[in-house]
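So for the sequence shown, our numbering puts the first residue at 103; every next one is plus one. Ideal Cβ placement from N, Cα and C applies to all residues, glycine included. These numbers come from a predicted model, not from an experiment. Let me begin by presenting the structure, written as structure tokens, before commenting on it.
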Amino acid sequence: MNFLFHLPAIAAGLLALLLVYNLWKARIRNNNKGKSPPEPSGAWPVIGHLHLLGGEKTVSRTLGAIADKYGPIFTIRLGMDRALVISNWEAVKECFTTNDRAFGARPVSSAGKYLGYNYAGFGFVSCGPFWREMRKLALLEVLSGRRLEALKHVRVSEIVTSIKYLYSISSRNGEKPAEVEISKWIEELTFNIIVRMIAAIAAGLLALLLVYNLWKARIRNNNKGKSPPEPSGAWPVIGHLHLLGGEKTVSRTLGAIADKYGPIFTIRLGMDRALVISNWEAVKECFTTNDRAFGARPVSSAGKYLGYNYAGFGFVSCGPFWREMRKLALLEVLSGRRLEALKHVRVSEIVTSIKYLYSISSRNGEKPAEVVISKWIEELTFNIIVRMIAGKRYLGGVTNDVEDEAARHFRRVIKEFMYVSGQFVLSDAIPFPLLRWIDWKGLIKSMKRISEELDSIVDVWIQEHIQKRLLDSEPAGDEQQDFIDVLLSVLDDQFMYGHKRETIIKATILVCLLIQLRR
Numbered sequence: 103m104n105f106l107f108h109l110p111a112i113a114a115g116l117l118a119l120l121l122v123y124n125l126w127k128a129r130i131r132n133n134n135k136g137k138s139p140p141e142p143s144g145a146w147p148v149i150g151h152l153h154l155l156g157g158e159k160t161v162s163r164t165l166g167a168i169a170d171k172y173g174p175i176f177t178i179r180l181g182m183d184r185a186l187v188i189s190n191w192e193a194v195k196e197c198f199t200t201n202d203r204a205f206g207a208r209p210v211s212s213a214g215k216y217l218g219y220n221y222a223g224f225g226f227v228s229c230g231p232f233w234r235e236m237r238k239l240a241l242l243e244v245l246s247g248r249r250l251e252a253l254k255h256v257r258v259s260e261i262v263t264s265i266k267y268l269y270s271i272s273s274r275n276g277e278k279p280a281e282v283e284i285s286k287w288i289e290e291l292t293f294n295i296i297v298r299m300i301a302a303i304a305a306g307l308l309a310l311l312l313v314y315n316l317w318k319a320r321i322r323n324n325n326k327g328k329s330p331p332e333p334s335g336a337w338p339v340i341g342h343l344h345l346l347g348g349e350k351t352v353s354r355t356l357g358a359i360a361d362k363y364g365p366i367f368t369i370r371l372g373m374d375r376a377l378v379i380s381n382w383e384a385v386k387e388c389f390t391t392n393d394r395a396f397g398a399r400p401v402s403s404a405g406k407y408l409g410y411n412y413a414g415f416g417f418v419s420c421g422p423f424w425r426e427m428r429k430l431a432l433l434e435v436l437s438g439r440r441l442e443a444l445k446h447v448r449v450s451e452i453v454t455s456i457k458y459l460y461s462i463s464s465r466n467g468e469k470p471a472e473v474v475i476s477k478w479i480e481e482l483t484f485n486i487i488v489r490m491i492a493g494k495r496y497l498g499g500v501t502n503d504v505e506d507e508a509a510r511h512f513r514r515v516i517k518e519f520m521y522v523s524g525q526f527v528l529s530d531a532i533p534f535p536l537l538r539w540i541d542w543k544g545l546i547k548s549m550k551r552i553s554e555e556l557d558s559i560v561d562v563w564i565q566e567h568i569q570k571r572l573l574d575s576e577p578a579g580d581e582q583q584d585f586i587d588v589l590l591s592v593l594d595d596q597f598m599y600g601h602k603r604e605t606i607i608k609a610t611i612l613v614c615l616l617i618q619l620r621r
């Protein structure tokens, strides 16, 4: 009873406190020097103008009546917050174009917290780095005219399906009119179009990936060093990969970017950044004076499965093993002295190939002989390289019109090796274990198979050379030594930086094959 007796006094005290608070806020607003838009009268304490918006009229008609009285720009109080109302299209355009950042604030709301994944949706978050990045992504990639035009077939397909559905209803009723609820039909049509156009990616995962990429971007921006320019249009997670998968070749696409951003720029290949240089002087500077600074190699499936777990110096990053192997390759295997000592191999193979062409011409008599020059040059190059590496020839010849099965198999595997080593593996750019497990296009499976087949062939070469070294009492001269002989004589230790000697030789042979055949 005592509480009920004091209840009016408590209510009066709270009301007085709220009035004082609102008068204090009004006084602060009046003291602001800037000219503020007009505010309609009739605002109540605490709830502001909310009572005006809850009548029989719609909110749009109520705000229209206020605009007729106070002008096209005015403010109202929605509870404790002030809102700016604009009913003039020129002013709206000014707000959302020139001054969009000034009007990018969003109030804290339950919808943004619970429905917007704790403000992960850019429609709920205030203006800032995350909001700008998400708006850029939405306008340039998701909601762009190009994207909507590319998905035009979705809209056409759904409209055709809906019209067929209406026709089927009419057919079932015969001559009787069919009752169709147009609002429901349009709702279902719109819903189907939107759901088909939306990517099937979980919102939580997308938000996590976006935050991760924004965090990486913030770290890069904090670096003091001057970085090369990066073209716009990078997507979260995949970077600029979507730009390289169009109708144009990669070289033409990169050339167009170089015309716009200069001869040196960076692109993002998935999670990794790559430096692209299209100026020969800069390339020379990178691979001579600053070769160690540019000696890093990304982790790749080709290096793991085709490069004997990074035992080949072409796949491993700059370090003690890379420096040792590069020194060995440049001074012993690919040096000018070594190539000059094996000059007789090149001369011999050229003479043999010319004799082979002459034999074909002689067999045909006066009739012209058909020769596929590309295949002839391929066989000549292949025989020279294999003889310089292993001391044996594999393809073609004057007396060998039909290649044996081993030669055909070796050439096929080498071509597959060259093909898959240059292919894009999705899990290399986006290093998620799930993508490696899925093995998109089956490239990792192909790499494992090719590695096993090549290993069996090259292992036979190495064992033959080891047996020959054991049987020969005197070491062979430079002219008689091929690359495998040189590597066996230089690599005396059975292990080197965690790799077996035979493994290093196999990996080096394959790298040399890859380099020479791609020249």
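* Asked: What first and last residue would you give for the beta strand (DSSP E) that runs through Glu177?
  -> Here residue 177 is taken as the residue at index 75 of the sequence shown, counted from 1. Before going on, a small fix: residue 177 reads as Thr here, not Glu. Note, Thr177: beta strand (DSSP E), 175–180.
* Since Trp337 sits in a beta bridge, which residues does DSSP pair it with? -> Looking up residue 337 in the sequence shown gives position 235. DSSP lists Gly341 as partners of Trp337.
* Take Cys420 as the anchor and find which of Leu441, Arg394, Tyr407, Leu444 has the nearest alpha-carbon. => Counted from its first residue, the sequence shown places residue 420 at position 318. Taking only the C-alpha atoms, the option nearest Cys420 is Arg394.
* Asked: How many whole angstroms separate the CB atoms of Phe176 and Pro139, which I take to be in contact at a CB cut-off of 8 Å?
  -> Locating residue 176 in the sequence shown gives position 74, counting from the first residue. Locating residue 139 in the sequence shown gives position 37, counting from the first residue. Taking a contact as a CB-CB distance under 8 Å, the pair Phe176 and Pro139 counts as one, their CB atoms being some 5 Å apart.
* Tell me, please, whether the stretch 287–299 touches the stretch 251–268 by the rule of three or more beta-carbon pairs shorter than 8 Å. => yes
* **Environment of Met236 [buried if 16+ CB atoms lie within 10 Å]** => Numbered from 1 along the sequence shown, position 134 holds the residue referred to as residue 236. Met236 should be labelled buried.
* To do: Quick one: using the 10 Å Cβ neighbour count with 16 as the cut-off for buried, is Leu556 buried or exposed?
  => By one-based count along the sequence shown, residue 556 stands at place 454. Buried.
* Which residues DSSP lists as bridging Met427, in chain order -> Stepping through the sequence shown from its first residue, residue 427 is reached at position 325. DSSP lists no partner for Met427.
* To do: Measure the C-alpha to C-alpha separation of Ser463 and Thr454 and round it to an integer number of angstroms.
  => Sequence index remark: in the sequence shown, residue 463 carries index 361 (1-based). Sequence index remark: in the sequence shown, residue 454 carries index 352 (1-based). The straight-line gap from Cα to Cα measures roughly 14 Å.
* Asked: Could you give the C-beta distance for Met427 and Ile532, rounded to a whole number, given that I count them as a contact under 8 Å?
  -> Taking the sequence shown and counting its residues from 1, one reaches residue 427 at position 325. Taking the sequence shown and counting its residues from 1, one reaches residue 532 at position 430. About 29 Å separates the CB atoms of Met427 and Ile532; that is not less than 8 Å, and the two are not in contact.
* Asked: On the three-state DSSP scale, how would you describe Asp374?
  -> By 1-based counting over the sequence shown, the position of residue 374 is 272. In the three-state DSSP reduction, Asp374 falls in the strand class (E or B).
* Comparing alpha-carbon positions, which option in Thr164, Val560, Lys547 lies nearest His511? -> Locating residue 511 in the sequence shown gives position 409, counting from the first residue. Comparing Cα positions, the closest option is Val560.
* Would you mind listing the alpha helix (DSSP H) stretches within the stretch 162–229 that are 4+ residues and don't spill past its ends, in chain order? => The qualifying runs are 191–198.
* Asked: Who are the near neighbours of Gly206 in its chain, counting only those whose CB is closer than 7 Å to its CB and skipping five residues on each side?
  -> In the sequence shown, residue 206 corresponds to position 104, counting from 1. Around Gly206: Ser228, Cys229, Trp233.
* Asked: Could you give the distance in angstroms between the alpha-carbon of Ser353 and the alpha-carbon of Glu472?
  -> Residue 353 sits at position 251 when you count from the first residue of the sequence shown. Residue 472 sits at position 370 when you count from the first residue of the sequence shown. Rounded to whole angstroms, Ser353 to Glu472 spans 34 Å at the Cα level.
* Which residues bound the alpha helix (DSSP H) around Asn392? -> Stepping through the sequence shown from its first residue, residue 392 is reached at position 290. From DSSP, Asn392 is part of no alpha helix (DSSP H); its letter is neither H nor E.
* **Helix, strand or coil at Gly467 [DSSP, three-state]** => If you number the sequence shown from 1, residue 467 lands on position 365. Residue state, collapsed to three classes: coil.
* Asked: Roughly how far, in whole angstroms, is the beta-carbon of Ser189 from the beta-carbon of Ala167, given that I think they are within contact range, below 8 Å?
  -> Sequence index remark: in the sequence shown, residue 189 carries index 87 (1-based). Sequence index remark: in the sequence shown, residue 167 carries index 65 (1-based). The pair is not a contact, with the Cβ atoms about 11 Å apart (cut-off 8 Å).
* **As assigned by DSSP and simplified to three states, the class of Lys406** => Locating residue 406 in the sequence shown gives position 304, where the first residue counts as 1. Helix, per DSSP.
* To do: Can you check DSSP and say which residues form a bridge with Met598?
  => Looking up residue 598 in the sequence shown gives position 496. BP columns for Met598 point to His601.
* Segment contact, 8 Å Cβ cut-off, at least three pairs: the stretch 399–416 with the stretch 596–613 -> yes
* Is DSSP giving Gly247 helix, strand or coil here? -> Sequence index remark: in the sequence shown, residue 247 carries index 145 (1-based). Helix, per DSSP.
* Boundaries of the alpha helix (DSSP H) in which Thr94 is found, first to last residue -> The question about residue 94 has no answer, for the chain in this structure spans 103 to 621.
* To do: Mind checking which residues open and close the alpha helix (DSSP H) that includes His255?
  => Looking up residue 255 in the sequence shown gives position 153. Note, His255: alpha helix (DSSP H), 254–275.
* Does DSSP classify Ile568 as helix, strand or coil? -> The residue you call residue 568 lines up with position 466 of the sequence shown. If DSSP states are grouped into helix, strand and coil, Ile568 belongs with the helices.
* **Where Tyr216 falls, given that 16 or more other Cβ within 10 Å makes a residue buried** => The residue given as residue 216 occupies position 114 in the sequence shown. Result: exposed.
* To do: Assign Ile369 to one of three DSSP states: helix, strand, or coil.
  => Residue 369 sits at position 267 when you count from the first residue of the sequence shown. Strand at Ile369.
* Going by DSSP, which residues form a beta bridge with Trp146? -> Counting from one through the sequence shown, the residue named residue 146 turns up at place 44. For Trp146, which the question treats as bridged, DSSP gives the partners Gly150.
* **Enclosing alpha helix (DSSP H) for Val435 [first to last residue]** => In the sequence shown, the residue the question calls residue 435 occupies position 333. No alpha helix (DSSP H) contains Val435, which DSSP labels as neither H nor E.
* Environment of Met549 [buried if 16+ CB atoms lie within 10 Å] -> Here residue 549 corresponds to residue number 447 of the sequence shown, with the count starting at 1. Buried: at least 16 other Cβ atoms inside 10 Å.
* Please classify Met490: is it buried, with 16 or more other beta-carbons within 10 angstroms of its beta-carbon, or exposed? => Position 388 of the sequence shown, counted from the start, is the residue given in the question as residue 490. Buried: at least 16 other Cβ atoms inside 10 Å.
* Check Ile532 in the structure and name its three-state DSSP category. => For the purposes of this step, residue 532 is taken as residue 430 along the sequence shown, with counting starting at 1. In this structure, Ile532 counts as coil in the three-state DSSP scheme.
* Note down, in chain order, each residue of its chain lying with its Cβ closer than 8 Å to the Cβ of Gly409, except the 5 sequence neighbours on either side. => By 1-based counting over the sequence shown, the position of residue 409 is 307. Contacts found: Gly416, Phe417, Val418, Ala609, Leu612, Val613.
* Asked: If you draw a straight line from the alpha carbon of Glu451 to that of Ala492, how long is it in whole angstroms?
  -> Along the sequence shown, read from residue 1 onward, the residue named residue 451 stands at position 349. Along the sequence shown, read from residue 1 onward, the residue named residue 492 stands at position 390. Spanning the two alpha carbons is a distance of roughly 14 Å.
* Report the option in Gly341, Ile456, Asp530 whose CA atom is closest to the CA atom of Lys406. => As a first step, residue 406 is located in the sequence shown; it is residue number 304 there, counting from the start. Nearest C-alpha to Lys406 among Gly341, Ile456, Asp530: Asp530.
* Residue closest to Gly364, alpha-carbon to alpha-carbon, out of Lys386, Gly347, Gly341, Pro333 -> The sequence position of residue 364 within the sequence shown is 262, counting from 1. The residue with the shortest Cα to Cα distance from Gly364 is Pro333.
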